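Trainee:
2 protein chains.
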Amino acid sequence: EKKTFIIDGKAVADKIQTEVKNEMLKLGVIPTLAVVLVGKRDDSAQYVRMKVKACAAVGIRNKQIDLPASVSETELSSVIKTLNNDPQIHGILVQMPLPSHINEETIVELIDPLKDVDGLTCSNSGLIYQKGVNAPLIPCTAIGCIRILEFAGINISGKHAVVVGRSKLVGKPVSSLLQSRNATVTMCHSKTANIEAYLKQADIVIAATGKPLFLQGSWFKKGAVIVDVGINPIKDSTKKLGVRFVGDVDFESAKQVASAITPVPGGVGPVTVAMLLHNTMSACKLQQQRQKQASSSSSSKEKKSS
Amino acid sequence: EKKTFIIDGKAVADKIQTEVKNEMLKLGVIPTLAVVLVGKRDDSAQYVRMKVKACAAVGIRNKQIDLPASVSETELSSVIKTLNNDPQIHGILVQMPLPSHINEETIVELIDPLKDVDGLTCSNSGLIYQKGVNAPLIPCTAIGCIRILEFAGINISGKHAVVVGRSKLVGKPVSSLLQSRNATVTMCHSKTANIEAYLKQADIVIAATGKPLFLQGSWFKKGAVIVDVGINPIKDSTKKLGVRFVGDVDFESAKQVASAITPVPGGVGPVTVAMLLHNTMSACKLQQQRQKQASSSSSSKEKKSS
Ligand SMILES: NC(=O)C1=CN([C@@H]2O[C@H](COP(=O)(O)OP(=O)(O)OC[C@H]3O[C@@H](n4cnc5c(N)ncnc54)[C@H](OP(=O)(O)O)[C@@H]3O)[C@@H](O)[C@H]2O)C=CC1
Ligand SMILES: NC(=O)C1=CN([C@@H]2O[C@H](COP(=O)(O)OP(=O)(O)OC[C@H]3O[C@@H](n4cnc5c(N)ncnc54)[C@H](OP(=O)(O)O)[C@@H]3O)[C@@H](O)[C@H]2O)C=CC1
Chain A
40 EKKTFIIDGK AVADKIQTEV KNEMLKLGVI PTLAVVLVGK RDDSAQYVRM KVKACAAVGI
100 RNKQIDLPAS VSETELSSVI KTLNNDPQIH GILVQMPLPS HINEETIVEL IDPLKDVDGL
160 TCSNSGLIYQ KGVNAPLIPC TAIGCIRILE FAGINISGKH AVVVGRSKLV GKPVSSLLQS
220 RNATVTMCHS KTANIEAYLK QADIVIAATG KPLFLQGSWF KKGAVIVDVG INPIKDSTKK
280 LGVRFVGDVD FESAKQVASA ITPVPGGVGP VTVAMLLHNT MSACKLQQQR QKQASSSSSS
340 KEKKSS
Chain B
40 EKKTFIIDGK AVADKIQTEV KNEMLKLGVI PTLAVVLVGK RDDSAQYVRM KVKACAAVGI
100 RNKQIDLPAS VSETELSSVI KTLNNDPQIH GILVQMPLPS HINEETIVEL IDPLKDVDGL
160 TCSNSGLIYQ KGVNAPLIPC TAIGCIRILE FAGINISGKH AVVVGRSKLV GKPVSSLLQS
220 RNATVTMCHS KTANIEAYLK QADIVIAATG KPLFLQGSWF KKGAVIVDVG INPIKDSTKK
280 LGVRFVGDVD FESAKQVASA ITPVPGGVGP VTVAMLLHNT MSACKLQQQR QKQASSSSSS
340 KEKKSS
């Protein structure tokens, strides 16, 4: 019997980082990512530190903007607008969640779509919906799942993919991407009756529910490819912090039936961070194109008027 | 045994038209739909006539703009821009297909999203992706399918819906809508292996492939609800025009197994036209809201500066 392939997310991330470094050499400018952190949540601060460190490793610059939890929506809005108008800033990341007095959707919609490295603005959603993997800026985790499947040599076309979860951040975009790569996609969620019946038929499973160890090995089809997006803290008194992180999939039982599977940690996590660097580089390119177009159209106007 | 419910699209359309008329009374203005027809294709001209007639029946005004097939992309673009800027125009419909020298996507993207009664601009796609049935402007056929299911008293939540087809016009938006109504949705297309296996499990089927009489009765689950979007001409020497129109579903065999089914003609077709009227009315409302917001924000600015 063939051994289950445990997909090394770190190796996928390294590959993406190398790509980013090579592409950056052609840019002629150093991309800068603005990271906006509101409040002092430990987990958010930790995520931001991780992202800033990853930027440094490939030579992307950061501008970190720390705001108090008491900041008003209007103040935060004007911070975003300033970043939009600053030609030195190529990507804008607003770390979620925001304090409850701020409407996250309103803030996200303010971000210049060409600086939207999280791919969450409505206009980028529309492009993902229409163009799938060819969209310019796609949520990092969603496109990260595709990169993982490619790395593992999985042919997506014609396969049945079951996506469990339908969030704007993961489930929806990853479904669009798989479909644009010609998978037949079924999207499951909390209102799905009998999830196991769908999983039993899936060649590819993307698990993004936020329910620790929810999906059991016995639910999958023999030979399925399983990408586990979940990162869920569960109590563990043997750990320094009293918690460890597990996926949405019961890894131990699932790896008995899967042909390939991502572990947690060390699976989707590092790939997501690498894709943030990739998106920052892409955002920088998109803005160079916009500038070029603007200057060529204004020079053609000058010509006309002269 | 229960008799199969043949869903009367004309009755659904009548219900929507009554809604539109009632809503129009509250608007205080008469909505106007601009219909742009490029070239002299018989089928396109026929569709336009049908739409104009439907508008007249509820009291929506039309402005019809006929352009020669030789019109340039630049000229057509400037027509769209003029319509965008005209406060007397509330909806803009560009009849597809356009001549091959014109990029359809470029033209669609020029339409003011609040006048986009076909719901095809990228920004409206993003809203459908994010908000499902709560999006402001949705492609008429896609939302029409939902109205048909509602009319037939079908509970969507928790059901397995299989959508066959993934076009921007029908398959994709109807999938998003069904999912937002809590169906578990599988999207099939020409690269799907073994379509029958998916159909055999479907509680609700939306057929939108453009393949005449493609889906056979024996492929469906007993009791399935079938919405047949297809309108396909096939040769028929007994008809005046030498053709008749059939759906994507083999109606005769399918009605033996379905609990409810739409016929062709007389199913999705009239509902699509009724939803165009609905979208024109909605577009008019959206522009009234925008105007109100603009005038209230400019008056608050005036107050501040005084
Ligand atoms: N590796 C990484 O870098 C990242 C990891 N994550 C992790 O991925 C997981 C999902 O994140 P996210 O998508 O943001 O989470 P959300 O909470 O936004 O969405 C969870 C989705 O799962 C569905 N769901 C919940 N319970 C069930 C159930 N019992 N059966 C089927 N579906 C269910 C929900 O359905 P419904 O819509 O009906 O409520 C919802 O669509 C989390 O563990 C998160 O920490 C997220 C982002 C990045
Ligand atoms: N009732 C009404 O008012 C309307 C009716 N229609 C009718 O609906 C039908 C579909 O229209 P539209 O969506 O615009 O058509 P498109 O041609 O744009 O899309 C057809 C879709 O069907 C898929 N498909 C084609 N062949 C097969 C197959 N053998 N098995 C599975 N899937 C297949 C295609 O897959 P792939 O993407 O892989 O190529 C594609 O996604 C047409 O008959 C059209 O006339 C359309 C709009 C309005």
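Sequences listed follow chains A and B, in order.
Residue numbering for the first sequence follows our numbering, starting at 40 and increasing by one per position.
Residue numbering for the second sequence follows our numbering, starting at 40 and increasing by one per position.
C-beta: ideal position from N, C-alpha, C; glycine also.
Predicted model, so just to flag it, every value in this text is computed and none were measured.
Note down the Cα distance separating B/Lys279 from B/Val172, rounded to an integer number of angstroms.
Mentor: Residue 279 of chain B sits at position 240 when you count from the first residue of the second sequence. Residue 172 of chain B sits at position 133 when you count from the first residue of the second sequence. Between B/Lys279 and B/Val172, the C-alpha separation is close to 40 Å.
Trainee: Just to check, is the beta-carbon of B/Leu208 closer than 7 Å to a non-hydrogen atom of ligand 2?
Mentor: Position 169 of the second sequence, counting from 1, holds the residue named residue 208 of chain B. Under cutoff, so the answer is yes.
Trainee: For A/Ile273, count the other beta carbons within 10 Å of its own beta carbon; 16 or more makes it buried, fewer makes it exposed. Which is it?
Mentor: Residue 273 of chain A sits at position 234 when you count from the first residue of the first sequence. A/Ile273 comes out exposed.
Trainee: Do we get a CB-CB distance below 8 Å when we pair A/Ser164 with the residues of chain B?
Mentor: Numbered from 1 along the first sequence, position 125 holds the residue referred to as residue 164 of chain A. Yes, A/Ser164 counts as interfacial toward chain B.
Trainee: If you compare alpha carbons, which of B/Thr248, B/Ile300, B/Gln56 is closest to B/Asp242?
Mentor: On the second sequence, position 203 is the one that residue 242 of chain B refers to. Selected option, being the one with the closest Cα: B/Ile300.
Trainee: Curious, which full-length beta strand (DSSP E) runs of at least 3 residues does the region 43-94 of chain B contain?
Mentor: Taking only runs of at least 3 residues, the beta strand (DSSP E) segments lying wholly in the region 43-94 of chain B are 71-77.
Trainee: Would you say B/Asn173 touches ligand 1, meaning its beta carbon is less than 7 Å from a heavy atom?
Mentor: Residue numbering aside, residue 173 of chain B sits at position 134 when the second sequence is read from its first letter. Result no, Cβ not under 7 Å from ligand 1.
Trainee: Going by C-alpha to C-alpha distance, which of B/Ser111, B/Ser162, B/Tyr237 sits closest to B/Cys139?
Mentor: The residue given as residue 139 of chain B occupies position 100 in the second sequence. The sequence given here places Ser at residue 139 of chain B; Cys does not occur at that position. Out of B/Ser111, B/Ser162, B/Tyr237, B/Ser111 has the C-alpha closest to the C-alpha of B/Ser139.
Trainee: Just checking: is the beta-carbon of A/Met226 within a distance shorter than 8 Å of some beta-carbon in chain B?
Mentor: Numbered from its first residue, the first sequence carries residue 226 of chain A at position 187. Output row for A/Met226: interface = yes.
Trainee: For B/Ile185, which residues of its own chain have a beta-carbon under 6 Å away from its beta-carbon, when the five flanking residues on both sides are left out?
Mentor: Counting from 1 along the second sequence, the entry for residue 185 of chain B is found at position 146. Within the same chain, B/Ile185 has close Cβ partners Leu216.
Trainee: Using a Cβ distance threshold of 8 Å, determine whether the region 220-230 of chain B contacts the region 253-267 of chain B, with at least three qualifying pairs required.
Mentor: At 8 Å Cβ cutoff, the stretches do not touch.
Trainee: Would you mind sorting A/Ala95 into buried or exposed? The rule is 16 or more other CB atoms within 10 Å of its CB.
Mentor: Translated into the one-based positions of the first sequence, residue 95 of chain A becomes position 56. That one is exposed.
Trainee: Just curious, the beta strand (DSSP E) that A/Ile211 is in, first and last residue?
Mentor: By 1-based counting over the first sequence, the position of residue 211 of chain A is 172. One point to set straight first is that residue 211 of chain A is Lys, not Ile, in the sequence displayed. That residue, A/Lys211, is in no beta strand (DSSP E); its alpha helix (DSSP H) goes 210-219.
Trainee: Quick one: what's got a C-beta closer than 7 Å to A/Val285's C-beta in the same chain, skipping five residues either side?
Mentor: Here residue 285 of chain A is taken as the residue at index 246 of the first sequence, counted from 1. So the qualifying residues of the chain are Pro251, Leu252, Asn271, Ile273, Val303.
Trainee: At a Cβ cut of 7 Å, what residues of the region 200-234 of chain B count as close to chain A, listed as they run along the chain?
Mentor: Listed by position along the chain: Arg205, Lys207, Lys211, Gln218, Asn221, Thr223, Val224, Thr225, Met226, Cys227, Lys230, Thr231, Ala232.
Trainee: So with CB distances below 7 Å, who are the chain B contacts of A/Cys184?
Mentor: For the purposes of this step, residue 184 of chain A is identified with residue 145 of the first sequence, where counting begins at 1. Per Cβ cutoff of 7 Å: no residues; A/Cys184 is ~17 Å from chain B at best.
Trainee: Closer than 7 Å by beta-carbon distance: list the chain B residues that pair up with A/Cys161, in chain order.
Mentor: Locating residue 161 of chain A in the first sequence gives position 122, where the first residue counts as 1. By Cβ distance, chain B contributes Ser162, Gly165, Leu166, Gln169.
Trainee: Measuring CA to CA, which of B/Arg80, B/Glu189, B/Ile131 is closest to B/Gln103?
Mentor: Along the second sequence, one-based indexing puts residue 103 of chain B at 64. Measuring from the Cα of B/Gln103, the nearest candidate turns out to be B/Ile131.
Trainee: What number of angstroms, rounded off, separates the C-alpha of A/Ile234 from the C-alpha of B/Gly197?
Mentor: Here residue 234 of chain A corresponds to residue number 195 of the first sequence, with the count starting at 1. Here residue 197 of chain B corresponds to residue number 158 of the second sequence, with the count starting at 1. In a straight line, the C-alpha of A/Ile234 is about 11 Å away from that of B/Gly197.
Trainee: Please indicate yes or no: does the CB of B/Asp287 lie closer than 7 Å to some heavy atom of ligand 2?
Mentor: Reading the second sequence from its first residue, position 248 is the one you call residue 287 of chain B. Under cutoff, so the answer is yes.
Trainee: Cβ closer than 7 Å: which chain A residues qualify as neighbours of B/Asp197?
Mentor: If you number the second sequence from 1, residue 197 of chain B lands on position 158. The sequence shown places Gly at residue 197 of chain B, not Asp. What B/Gly197 touches in chain A: Lys230, Ala232.
Trainee: Quick check on the burial criterion: 16 or more other C-beta atoms within 10 angstroms. Buried or exposed for B/Arg220?
Mentor: If you number the second sequence from 1, residue 220 of chain B lands on position 181. Counting Cβ neighbours within 10 Å, B/Arg220 comes out buried, since at least 16 surround it.
Trainee: Rounded to a whole number of angstroms, what is the C-alpha to C-alpha distance between B/Gly281 and B/Val268?
Mentor: By one-based count along the second sequence, residue 281 of chain B stands at place 242. By one-based count along the second sequence, residue 268 of chain B stands at place 229. Those two C-alpha atoms are separated by around 22 Å.
Trainee: Beta strand (DSSP E) containing A/Lys274: first to last residue?
Mentor: Against the first sequence, residue 274 of chain A aligns to sequence position 235. Run containing A/Lys274: 271-274, per the beta strand (DSSP E) assignment.
Trainee: Quick one: what's got a C-beta closer than 6 Å to A/Ala200's C-beta in the same chain, skipping five residues either side?
Mentor: In the first sequence, counting from the first residue as 1, residue 200 of chain A sits at position 161. Closer than 6 Å at Cβ, skipping near neighbours: Leu217, Ala222, Val224, Ile243.
Trainee: For B/Val147 and B/Asn163, I'd like the C-alpha separation in whole angstroms.
Mentor: Taking the first residue of the second sequence as position 1, residue 147 of chain B is located at position 108. Taking the first residue of the second sequence as position 1, residue 163 of chain B is located at position 124. The straight-line gap from Cα to Cα measures roughly 11 Å.
Trainee: Measure the beta-carbon distance from A/Val209 to A/Ala181 and round it to whole angstroms, keeping in mind my assumption that it falls under 8 Å.
Mentor: Counted from its first residue, the first sequence places residue 209 of chain A at position 170. Counted from its first residue, the first sequence places residue 181 of chain A at position 142. Indeed, because the Cβ distance is near 6 Å, the residues count as touching under 8 Å.
Trainee: If you draw a straight line from the C-alpha of B/Gly183 to the C-alpha of B/Gly48, how long is it?
Mentor: As a first step, residue 183 of chain B must be located in the second sequence, where it is residue number 144. As a first step, residue 48 of chain B must be located in the second sequence, where it is residue number 9. Their Cα atoms are separated by approximately 10 Å.
Trainee: For ligand 1, is there any heavy atom lying closer than 7 Å to the beta carbon of A/Cys184?
Mentor: As a working note, residue 184 of chain A is residue 145 in the first sequence. Checking every heavy atom of ligand 1 against the Cβ of A/Cys184, none is found closer than 7 Å.
Trainee: Pairing CB atoms from the region 116-125 of chain B with CB atoms from the region 85-99 of chain B, are three or more of them under 8 Å?
Mentor: The region 116-125 of chain B vs the region 85-99 of chain B: no contact.
Trainee: Going by DSSP in three states, B/Thr223 sits in which element: helix, strand or coil?
Mentor: What you label residue 223 of chain B is simply residue 184 of the second sequence in a count that begins at 1. Here B/Thr223 sits in strand by DSSP.
Trainee: Return yes when the Cβ of B/Leu115 is within less than 8 Å of the Cβ of B/Val91, no when it is not.
Mentor: One-based indexing of the second sequence puts residue 91 of chain B at position 52. One-based indexing of the second sequence puts residue 115 of chain B at position 76. Not in contact: B/Val91 and B/Leu115 (Cβ atoms no closer than 8 Å).
Trainee: Helix or strand or just coil, what does DSSP make of A/Ser345?
Mentor: Your numbering for residue 345 of chain A matches position 306 in the first sequence. Since pLDDT at A/Ser345 reaches only 48, below the 50 mark, its modelled position is unreliable, and the value read off the structure follows with that caveat. Coil, per DSSP.
Trainee: Please report the Cβ distance between A/Leu149 and A/Gln326, rounded to the nearest whole angstrom; I am assuming they are in contact, meaning their Cβ atoms lie under 8 Å.
Mentor: What you label residue 149 of chain A is simply residue 110 of the first sequence in a count that begins at 1. What you label residue 326 of chain A is simply residue 287 of the first sequence in a count that begins at 1. That belief does not hold up - the Cβ atoms of A/Leu149 and A/Gln326 are roughly 17 Å apart, past 8 Å.
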